[in-house]
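Structure first, then comments.
Protein chains: 2
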Amino acid sequence: MSIAAKYYPNEPEQPVVKVTQIPGPESKKAIESLGKVFDSRPVYFVADYEKSNGNYIADVDGNVYLDLYAQIASIALGYNNPALIEAAKSPEMIRAIVERPALGNFPGKDLEGILKNLLKVAPKGQDHIWSGLSGADANELAFKAAFMWYQGQKRGYNTAWTAEENESTMKNQAPGSPDLAVISFKRAFHGRLFASASVTASKPVHKIDLPSFKWPKAEFPAYKYPLEANAEYNKAEDARCLEIVENIIKTWQVPVAALIIEPVQSEGGDNHASAEFFQGLRDVTLKHGVVFIVDEVQTGVGATGSFWAHEHFNITPPPDLVTFSKKFQSAGYWFHNPEFIPAAPYRQFNTWCGDPARMILAGAIAKEIVDNDLVSKAKEVGDYLYGKLEELQAKYPRHLQNLRGKGRATFIAWDLESAEKRNEFLYRLKQNGVNCGGCAEVSVRLRPTLTFEKKHVDIFVSVVAKVLADFV
Amino acid sequence: MSIAAKYYPNEPEQPVVKVTQIPGPESKKAIESLGKVFDSRPVYFVADYEKSNGNYIADVDGNVYLDLYAQIASIALGYNNPALIEAAKSPEMIRAIVERPALGNFPGKDLEGILKNLLKVAPKGQDHIWSGLSGADANELAFKAAFMWYQGQKRGYNTAWTAEENESTMKNQAPGSPDLAVISFKRAFHGRLFASASVTASKPVHKIDLPSFKWPKAEFPAYKYPLEANAEYNKAEDARCLEIVENIIKTWQVPVAALIIEPVQSEGGDNHASAEFFQGLRDVTLKHGVVFIVDEVQTGVGATGSFWAHEHFNITPPPDLVTFSKKFQSAGYWFHNPEFIPAAPYRQFNTWCGDPARMILAGAIAKEIVDNDLVSKAKEVGDYLYGKLEELQAKYPRHLQNLRGKGRATFIAWDLESAEKRNEFLYRLKQNGVNCGGCAEVSVRLRPTLTFEKKHVDIFVSVVAKVLADFV
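Residue numbers (UniProt numbering), protein chains in the order written: chain D, 1 to 472; chain G, 1 to 472.
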């Protein structure tokens, strides 16, 4: 039995589009009304989640779209999943909603079990967790852990702070508030708070007008596609980029305490890099005592054909900190070295220290993925999808440039000729009942759920073919 | 009928303490086990939320404490509140848990109603909301809005960014990433992410080892108590502190774009300031074009005898941005000037843009507070409590110094002689069945829920009296 059939016996057979322009008239009215209290300008359409089912999202005009965007890559199992509804109705969940504890001071007796459910799917080599609330929050909490560890290495893990440190930090001055940097990559996206925006470098709109830490950006490899035909070029590109990273670490005006990277740069254009490149980063960070942080916020939870995307690379030793959010619903970071827990308590701390309601949901998601082997299934479906897209590419090479994500399950993207054409293409997909997202300026990114199957691939591919048939 | 009796027919009559040391043996075991996967060093005891009821929190040793700490001031209505349980079981909540939308792109049709429920209790003068996930997140989102507005004033609200701005921001350099400051106050607490930690200045443990923005700290008035007997001194203190604020704004090395302040500095010691001081800040921020942000994360939602604490001050015009979290369960900021929505969309934006599950709960909390007039009731209970504490103060002046929060409902605090004595006092309260928190170094802060009544006051005061009877 297919997983979609198991979860979603009433999933629509195909998209339904009842309007010619999207948003339709009812969505438009709702967007205008919502706009009086909320910034509704980025709204594509107003959804009807009661009527959404499986891989299909419904809107208030009665349209039903096959969803390959899935809430900006943050829905793992489709809409109205019965196992998650059951988790949402459980007494444990109701308690987590109504009695939200300050987890650091007054955890409930069920917290340990909740965390252990999450740890069952920790990345290879990781056995601790610290919980946060969003991707940006997870990355900034990871930076905190990294900076505390880095300074702890210098002064001694158990060494008390000096009076000078205590006094200077209250004035935001060194040595208590040291000048340290996190290195990241051009085209990276790690969030939009102040430290996370300082390592983000995909689009000006994320950053303009915000004061930022003056942290450096290295270059992420820019491969030529198809990979097989450009192996030598791409290998040289790895070496070039690794050299830039090491040079920055050695010469930056303040010490570089940490490096953060996505296994696939997602918001920045679905830019892939090789296992050799990631191992090279591990080597160079170890050599220079730099904390190695992998941001799995968008790539994690199965969509690349491995529970965590960086597991494809077999990085040895494993990364120091791995952050997560989005499809996991809960957020935070994984780690294995207990020295990433500072010697003094109350340093990595805040009122809530995460949200047990979202952790319970994450546990339920993890269980469904494991029990139903959804990662392997996504890989199979992704390979099938990639093959179909290669066929389309042969027919429409101008509109399917740099097709990428082979062997990465459904984590697939390609480029169009221009931003205008990409946007027009995405709009026409919607008009034909497919909700799909872009990334960077000219790319289409596919981010279906883990319940996306071959039958959904066929519908998607036929809509793409239909749109491309008269796409200029 | 009393509100506690209405909500909590089975609320315990009094605390139960079954152990001599806290944490008890079962808590100790659970803390040790939890410690293998989570930093459990700050845990006071492991709670049993199933058995917690109303104003009483239970632990795994069978102890039942009268709770005046309420999850670091973040539970509004007590434990296992039937109205909130009903909200948690609603189809709307289950949908919000299972189908977490990217609210900015694909809001559900119920979002407008959810937001309008929150706006019913917006601070006087505010009619817009932007939602976040925690107090630190709310403050940083407010900073983003403030910086965008401030730069928009300079370049023109509708003016496009220059090529130089677009290019420089990708390198974290001005003019795209401008050097701007937020002014805050010594002893302030606004969170522990990087920008929020840069405005926090209550304890080194919140800040040590984190790179910070080199933002200035003004002085928060340090009043002499009782206020009536020190009116002249305190008035001069207001003037002194206002002058410092204005001097910093005029002379700081980078432009000061925003000012953030708590209506009562909470974590930093329950430091109060007068309505005149707050009006003075409004005047000086207006004069210099500085965004005025009031942080109501801990003070909001009724505990001071007004739904939002700064409403006591009748600030005119109202603050530009008011942040909230904790007892509201949802987080974000209120505002009224539509220019705090940037001219271009996608600037104040992220994947989730808040959590509708927590917003639904906030709406239910707000409804209960309004329908049952809980703010007035808190005021009445607080006045009663303050009177009882004044009586104890007369008897034990050494252990009840600087009693403060008169006329601020249950938002009451006082000082002991030293940190050691404060900590010993709090521990002995626990041994006698009262869970209570501290703030700053030597203060006790009371943060009961809005269902705390005179009968609970009597129990609390009798335990304090018992502890103080042989307190050296």
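All residues carry an ideal CB built from backbone N, CA and C; glycine is no exception.
Just so you know, these numbers come straight off a predicted model, no measurement behind them.
Opening and closing residue of the beta strand (DSSP E) in which residue i lies
i: residue 261/G; result: 256-261
i: residue 128/G; result: 128-132
i: residue 72/G; result: Residue 72/G -> not in any beta strand (DSSP E); alpha helix (DSSP H) instead, spanning 70-73.
i: residue 57/D; result: 56-59
i: residue 443/D; result: 443-445
Neighbour flag for residue i against chain G, beta carbons, 8 Å
i: residue 56/D; result: no
i: residue 320/D; result: no
i: residue 144/D; result: yes
i: residue 359/D; result: no
i: residue 125/D; result: no
i: residue 224/D; result: no
i: residue 49/D; result: yes
i: residue 44/D; result: yes
i: residue 179/D; result: yes
i: residue 291/D; result: no
i: residue 30/D; result: yes
i: residue 413/D; result: no
i: residue 288/D; result: no
i: residue 60/D; result: yes
i: residue 109/D; result: yes
Inter-residue CB distance, residue i and residue j (contact presumed, cutoff 8 Å)
i: residue 256/D; j: residue 294/D; result: No, residue 256/D and residue 294/D are not in contact; Cβ-Cβ is about 16 Å, not under 8 Å.
i: residue 7/D; j: residue 434/D; result: Not really, about 20 Å apart at Cβ, beyond 8 Å.
i: residue 475/D; j: residue 15/D; result: The displayed coordinates of chain D run from 1 to 472. Any statement about residue 475/D would go beyond what the structure contains.
i: residue 124/G; j: residue 319/G; result: With 8 Å as the limit, residue 124/G and residue 319/G do not qualify as a contact, their Cβ atoms being about 10 Å apart.
i: residue 440/D; j: residue 268/D; result: 6 Å
i: residue 451/D; j: residue 3/D; result: 5 Å
i: residue 11/G; j: residue 55/G; result: 7 Å
Beta carbon proximity, residue i to chain D, threshold 8 Å
i: residue 423/G; result: no
i: residue 94/G; result: yes
i: residue 317/G; result: no
i: residue 119/G; result: yes
i: residue 9/G; result: no
i: residue 217/G; result: yes
i: residue 350/G; result: yes
i: residue 214/G; result: yes
i: residue 450/G; result: no
i: residue 162/G; result: no
i: residue 39/G; result: yes
i: residue 404/G; result: no
i: residue 328/G; result: no
i: residue 97/G; result: yes
Element boundaries [alpha helix (DSSP H), containing residue i]
i: residue 277/D; result: 275-288
i: residue 47/D; result: No alpha helix (DSSP H) contains residue 47/D, which is instead part of the beta strand (DSSP E) from 47-53.
i: residue 472/D; result: Where residue 472/D is concerned, there is no enclosing alpha helix (DSSP H), given that its DSSP letter is neither H nor E.
i: residue 155/D; result: 135-155
i: residue 7/G; result: 3-7
i: residue 293/D; result: Careful: residue 293/D lies outside any alpha helix (DSSP H), inside the beta strand (DSSP E) at 291-295.
Neighbour flag for residue i against chain B, beta carbons, 8 Å
i: residue 314/G; result: Although the question refers to chain B, the structure presented lacks it and instead comprises the protein chains D and G.
Practice item. Could you say if the segment 342-357 of chain G and the segment 95-102 of chain G meet the contact criterion of at least three C-beta pairs nearer than 8 Å? Key: Yes, the segment 342-357 of chain G touches the segment 95-102 of chain G.
Check your understanding: Any contact of the segment 69-76 of chain G with the segment 336-353 of chain D, i.e. 3+ C-beta pairs under 8 Å?
Key -> yes
Review point. Do the segment 258-275 of chain D and the segment 151-165 of chain D touch if we need at least three Cβ pairs shorter than 8 Å?
Key: no
Point to revise | Uninterrupted beta strand (DSSP E) stretches inside the segment 325-381 of chain G (no shorter than 3 residues) | key: Taking only runs of at least 3 residues, the beta strand (DSSP E) segments lying wholly in the segment 325-381 of chain G are 331-335.
Check your understanding: Given 8 Å as the limit, is there contact between the segment 33-40 of chain G and the segment 398-416 of chain G, that is, 3 or more CB pairs closer than that?
Key -> no
Review point. In chain order, which continuous runs of the beta strand (DSSP E) of length 3 or greater are located wholly inside the segment 373-424 of chain D?
Key: 401-404 and 413-415
Check your understanding: Contact between the segment 188-206 of chain G and the segment 161-168 of chain G: three or more CB pairs below 8 Å?
Key -> no
Exercise for review: Count the CB pairs spanning the segment 235-243 of chain D and the segment 272-289 of chain D that are closer than 8 Å, and state whether there are at least three.
Suggested key: Under the 8 Å Cβ criterion, the segment 235-243 of chain D counts as touching the segment 272-289 of chain D, having at least three qualifying pairs.
Check your understanding: In the segment 72-126 of chain D, which residue ranges form an unbroken alpha helix (DSSP H) of at least 4 residues, counting only runs that do not cross its ends?
Key -> 82-89, 91-98 and 111-119
Check your understanding: How about the segment 356-376 of chain G and the segment 333-341 of chain G: do they share at least three Cβ pairs that are nearer than 8 Å?
Key -> Counting Cβ pairs under 8 Å, fewer than three are found: no touch.
Exercise for review: Within the segment 158-232 of chain D, note down every full beta strand (DSSP E) run reaching 3 residues or more, in order along the chain.
Suggested key: 181-185, all fully within the segment 158-232 of chain D.
Check your understanding: Touching or not, the segment 381-399 of chain G and the segment 99-115 of chain D, by the rule of three or more beta carbon pairs under 8 Å?
Key -> no
Check your understanding: On the three-pair Cβ rule with 8 Å, is the segment 212-228 of chain D touching the segment 170-183 of chain G?
Key -> yes
Review point. Does the count of Cβ pairs from the segment 143-154 of chain G and the segment 305-313 of chain G closer than 8 Å reach three?
Key: Because the criterion of three Cβ pairs below 8 Å is not met, the segment 143-154 of chain G and the segment 305-313 of chain G do not touch.
Review point. Hey, is the segment 320-327 of chain D in contact with the segment 124-140 of chain D, meaning 3+ C-beta pairs nearer than 8 Å?
Key: yes
Check your understanding: Should the segment 126-135 of chain D be called in touch with the segment 396-404 of chain D, which here means at least 3 C-beta pairs below 8 Å?
Key -> A contact between stretches requires three or more CB pairs, one per stretch, nearer than 8 Å, and the segment 126-135 of chain D fails this requirement with the segment 396-404 of chain D.
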